[in-house]
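Residue numbers (my numbering), protein chains in the order written: chain A, 9 to 343; chain B, 46 to 622; chain C, 12 to 379. Written below as structure tokens is the structure these notes are about.
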Amino acid sequence: MIEFKQIEIKYGDFIAMSNLNLTIKEGEFFTLLGPSGCGKTTTLRSLVGFVTPSSGSILINGEVVNQVPVEKRGISMVFQSYALFPTMNVYDNIAYGLRVQKLGKKEINEKVLDIAKRVDLSMAQLQKKVSELSGGQQQRVAIARALVLQPKILVLDEPLSNLDAKLRHQLRQELKNLQRSFGITTIYVTHDQEEALTLSDRIAVFNNGSIEQVGTPKEIYHHSKTEFVCNFIGDINQIDKEGIKQINQCSSHDLDENKPGFIRLEKVLSVGDLEGQIPVPTKVVDAEFFGLFTKYTYRFGKNLVKNIEKDSHVKSFNVGDDVNLYLNPRHILQY
Amino acid sequence: MILSKKLNPPKEKLQTFSVKKINIPLILTVSLLCWFIFTFLVYPNINLLFETFWVDGAFSTAAFTRLLSSERAMRSLRNSFLLAFSMIVTTNILGVFCVLVTDYFQVKGAKWLRLAYMSPLAYSGIAFVGAFNFIYGSNGILTRLLVGAFPNFEPTWFTGFGGVLFITTFAGTTNHMIFLRNAIKGLDFQTIEAAKSMGATPWNILRKVVLPVLKPNLTAITVLVFLTGLSATSAPMIVGGQDFQTINPLIITFARNINTRDLAAALSLVLGLSTIIVLAISKKIEAGTNYLSVSKVKMVLEKQTIGNPIANIIIHILAYLLFAIYALPVIFILLFSFSDAYSISTGSLSWSRLSLDNYLMLFRQTGAFRPYLISIIYSGLAALIVVAIVLVVTRLLHRYKKRFILMEYLMMIPWFLPATLIAVALMVTYDRPSIFIGNQVLIGTQSLLLIAYVIVLIPFTLRMLKAAFFTVDDALEEASKSMGASNFRTFFKVVLPTIFPAIIAVSALNFNSQIADFDLTLMLFHPFTEPLGPVIMSATGEAAGIEARTMLLVYTVILMVISSIVLWLANGRVQRR
Amino acid sequence: MKFTTIKKLGLAVAAFGLTTVLGACGNEAEAENTQASQNEITAPEETTANDSRSLVIYSNALNDARSAWLEDIARDAGFELSLLAIGGGDLPNRLITERNNPIADVVFGLNHVAFETLKANDVLSPFTPVWADEIPNGWNDPEGYYHALTQLAITLVYNKAVLDETTAPTDWTDLWEREEFRGQYFINNNLGGATIRMAMASILVRYRDDNGIYGVSEEGWNAMRSFFEHGIVGSQDEFFQSLVDEVTPIVTLWTGGIIQREEEFGVNVGIVTPEIGAPFIIESISIVNGTQNRELAEEFINWFGSAEIQTKWSQEFYQVPANSIARPNAPEAMERLLDGVFPQDIDWEFVTENIDNWMTKIELDIMP
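What follows is the structure in structure tokens.
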């Protein structure tokens, strides 16, 4: 179990993180999510030991580790740049930590070959210079290098951000599988909400040096606690005060007409056969065809509202059509 | 008192960084460094200044007034600055052109051009000047040819400012060939392609895309060039003639004589202050220009073809003209080193007069190899020790940034003072037992020259290794530590191997610069371990005969061979990585 | 941090260790009486020789050939010599600098102006060699610190292919006073050399004026200015070549170097014999104060200065011996070095007192 208690981190006079309280459970895949500069990497580095908090304490399994040097914390890290040692070949990169532990040659060899197999690195690749590998292969080496030490805790700092989309999807899945099979407590830093939602057991959303919300992906998505979170996670429609007033008029709901409201795309439907739905008159202004679905944009008052329609050949709108959308005011979030 | 002051940084560090335990190794390291810096960089020089300017209990400005009233001193000073500033222009133009020709443009035979352009690395200082003088000097081969062809041709055409600037410019491009070439190789080729796709002409790309990226390197090189210009010794001494003498030969003359050391110290102060000003300015300029490539995927530079046929021809002609200028001295020295005194004094060369006699004569002498061996040992040891010391300092600078800034500045002292004065300072200070060196006398010991070599190598080494250190990705160190490695292991297994090429390169350059050293060596060598400098000097000095000119060529050739081997080995080590 | 620093410390200690080891090697004076081991370390190539017979000798009168010759005949006489050739300008400075840790046992070849400086700086140790009486009166140091070996004159020489006795200058003064010599004479730009210093002295003492700058009248300084103005100033490695090439057919030279150069360069050289005389230089020999090998040094001086060895020395290298017994045995070729040139009347005390100031003034205010 990892606990952050009242953590404050300063760089000179700049407060990078304040009043941070966070608990991460054993074996959990925990993601620190947020835009760049929000403090998520700082939090991660303070856990690993590269940054010393100016106040508060970090506990691992109940033990304060603030003063424990990096190399004694038993946390393995995968870096955004991979930080593979350019002067060593792949094998030596992976064996590095094992050699630090002064294991026998044979044992090191077994472990390296075993982990290489699990991350899908061939024998030939093990003898290569790291600069001769592709980005995806380098990523595997970085992960293998961290996992081979069988750490109590694995931390990953935006490990997929340097890869192209397809590889990112593929490795994301492998990462999840690896984590499950090893059962290591994993802390993952990303600014990609999709990664966060698909991978994590729980997510902490960071903004401006503090945590906005902690919860499971579903909690975060469906019950975003703050305007920042609901904007940052997934796509969302914003409806201005005028729109809220209009919605209030055709329903018994009493939304706050002095604030804008937010509603997820999938809660806006083109058929109205559910209880509590109210119709909203709109005009189609754009249609984006994605294959599996089409994303429509409608004009509602001064708002642009989007939704997603599965392509069924039955229902398709053209730009300029007048369409009635249905939504349940209950699903409108206000902050 | 200064010593105790400098001990403060570690204490401060303890208070803020690790309150819990006292870091004894760190304190010991820092104390040793402080001792070294104080004993060899600070105290001797302060002591010298004190002894020369503090006369009868009062600060004496006599030396300064004496110099101010000396037309010759003032003219030499002016000449030094004229040379330094001229060199900034000429050397940068020549250096950039050389680098572009060998590594940027598609020029035929670039490999050979590069070899010739890098030849000054193999023979610096007096050997280089001597070689050029051998071609262009009033007795030079080319001059004799020209005089033969045009009887009215002035044999002293090469003497004076022009000749000095010519030689120092050609000698000064080594920095470009090392550091600028690296920078050009590191260019992101995509930026050039991008500029092309936006319709930029090659000239425009060069000016607006390539050169600006090289600007930080050029600034650093410019400082080095300026400093070499300011302290030029051999070139003005040999080809300066009456009209173009500079300040450093004067300092050397004055420093050698006990009675005129105050004049040497005063002139050195002037040089030192101007060096400090130049460094400060360059730091300002550097601060604003640090372009890191932002591209994620760098592409290797592809050589650019010169589209315009006329430009192409002109560039090829210029490139090969430079090739000739660089290569001829080497070729002629090599050839004439096999010929006899007659051929050399008449500048004629015939097969019948070529023989191995000169080399046989040198090596038949008992212990002829000894000076080479001694010079190699001294230069090698100095190169090793200076790298060891500077690595520790750069490590501290890197880890604790600002805390050791004073240490960094103090280690730059040898850059502010002419080598001769440093030698004098050591001699004046440690010619009697001193508590700073365990009540020993340094004068008359073999370590004196070694210490002096180490001292003069420090600034260049520090600058280069510091730059290398700061290019190492912090994440590499962090990765090592996160895998459980200690600082110790991290440093030796990860950081050091990463900057190893830089260490080897700097060491090779250091070695080469010291093996041919004259100024320091002549003043400080121990008679039992006589290095090359004094041997060459006595073989060519006033008492030497005509054979001396032949032998000088032989010495030069052997020096070139040694230096080339060192460079080749270093390059091999670097390439293999 | 901790472990990094240990290694760093290691490096620093290693570096320091090296310097101290080397330091210890050279620091012979500090080591008690470990003569043998000291020689073993400092002069490894000589370990096979009889160690206790080793001497270190500094001299400005040596070159490769002379060193080789001297080493050989000294070995036959039972001396193992380490010879160090240093220019006449640098040698006194080196000896003074080393006075707290002297390396040399014996110094020879310097003129008495330099020896006076050394004496004043406590670098010399008095000793009267067995041959002291064979030296003409007044040539040895009356206090017995240094004794004469050879004698030479500093004078002008010219290339006989260009000038002859009638067209050559008759004195230094001619060089700037007569039109035809303008640009015809070479001046060594390294004023540290003993030869040029004596030549300058020869000129300046003619203008002695106790109210003038450094004892020389304004006229004297103007003469010196003219001397430099009309000469070709260049570096010493080209000075004789310049005569051979007939670029500057006139150069200042010490008589001891004439015959050897004529042979090497294949030129004929004429010697200028000024009416006022030329500075006669006595080159002497002395024991260095603080030597650990005093007895051997004395033995060497007794041997080297003897008529027998000085005769050989003069026959081999055309040096005029100071030793009155050796002098008549000098080779015939040397006669012209002695004939005609006679000593200029110079107050050497005055020169010794002022020569450094003169040279500095010339460097600063007169040299172009």
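For each residue, glycine too, the CB sits at the ideal point set by N, CA and C. Quick caveat: nothing in here was measured; it's all calculated off a predicted structure.
From what residue to what residue does the alpha helix (DSSP H) around residue i run?
| i | result |
| --- | --- |
| A:R272 | Taken as a continuous stretch (DSSP letters only), A:R272 belongs to no alpha helix (DSSP H), being part of the beta strand (DSSP E) at 269 to 272. |
| B:G175 | 170 to 181 |
| A:K114 | 113 to 126 |
| B:A239 | 234 to 242 |
| B:A245 | No alpha helix (DSSP H) holds B:A245; DSSP gives it neither H nor E. |
| C:F315 | 305 to 315 |
| A:K110 | Where A:K110 is concerned, there is no enclosing alpha helix (DSSP H), given that its DSSP letter is neither H nor E. |
Give the interface partners of residue i over in chain B, defined as CB-CB distance under 8 Å, in chain order.
| i | result |
| --- | --- |
| A:Y104 | S525, M528, A530, K538 |
| A:S84 | S527, M528 |
Would you mind reading off the limits of the beta strand (DSSP E) that contains residue i?
| i | result |
| --- | --- |
| C:N279 | That residue, C:N279, is in no beta strand (DSSP E); it is neither H nor E in DSSP. |
| A:M25 | 22 to 32 |
| A:K18 | 10 to 19 |
If you count every other CB in all the chains shown that lies within 10 Å of the CB of residue i, and 16 or more means buried, which is it?
| i | result |
| --- | --- |
| C:Q49 | Confidence in C:Q49 is poor, its pLDDT being 35 and thus under 50, which makes the residue's placement too unreliable to answer from. |
| A:A132 | exposed |
| A:N379 | Any property of residue 379 of chain A remains undetermined from this structure, which presents chain A solely from 9 to 343. |
| C:E360 | exposed |
| B:Y14 | Residue 14 of chain B lies beyond the residue range present for chain B, which begins at 46 and ends at 622; the question has no answer from this structure. |
| A:R53 | buried |
| A:K119 | buried |
| A:P159 | buried |
| B:N249 | exposed |
If you drop the 5 nearest sequence neighbours on each side, which residues of the same chain put their C-beta closer than 8 Å to that of residue i?
| i | result |
| --- | --- |
| B:Y371 | A161, Y162, S164, P165, F215 |
| B:I434 | L78, F81, V499, I503 |
| B:T320 | L272, L275, W460, F461 |
If you run the structure through DSSP and keep just helix, strand and coil, what is residue i?
| i | result |
| --- | --- |
| C:W265 | strand |
| A:G82 | coil |
| A:F298 | coil |
| A:K303 | strand |
| A:Q201 | helix |
| A:L157 | coil |
| A:H261 | coil |
| A:Q254 | helix |
| C:E176 | coil |
| A:R188 | helix |
| A:P289 | strand |
| A:T193 | strand |
| C:R189 | coil |
| C:P2 | Limits of chain C in this structure are 12 at one end and 379 at the other, which puts residue 2 of chain C out of reach. |
| A:S44 | coil |
Indicate whether at least one CB of chain D lies closer than 7 Å to the CB of residue i.
| i | result |
| --- | --- |
| C:T371 | Looking for chain D here will not work: the only protein chains present are A, B and C. |
In chain A, which residues lie less than 7 Å from residue i when you measure between Cβ atoms?
| i | result |
| --- | --- |
| B:P542 | T95 |
| B:R534 | V108 |
| B:D518 | S89, A91 |
Using the beta-carbon of each residue, which ones in chain B are nearer than 7 Å to residue i?
| i | result |
| --- | --- |
| A:Q109 | G529 |
| C:T108 | M472, D476, I488 |
Kindly list, in the order they appear in chain C, the residues whose Cβ is closer than 7 Å to that of residue i.
| i | result |
| --- | --- |
| B:S115 | L375, D376 |
| B:P374 | Residues of chain C passing the Cβ test: none, with the nearest at roughly 17 Å. |
Between residue i and the rest of its own chain, which residues show a CB-CB distance below 7 Å, the 5 nearest in sequence each way excluded?
| i | result |
| --- | --- |
| C:N304 | L66, D116 |
| A:Q342 | L263, D264, K267, G269 |
| B:L380 | L394 |
| B:A497 | I467, A468, L471, L565, L569 |
| B:S382 | N403, L598, V599, V602 |
Under 8 Å between beta-carbons, which chain C residues line up against residue i? List them in chain order, please.
| i | result |
| --- | --- |
| B:T298 | N201, L202, G203, E374 |
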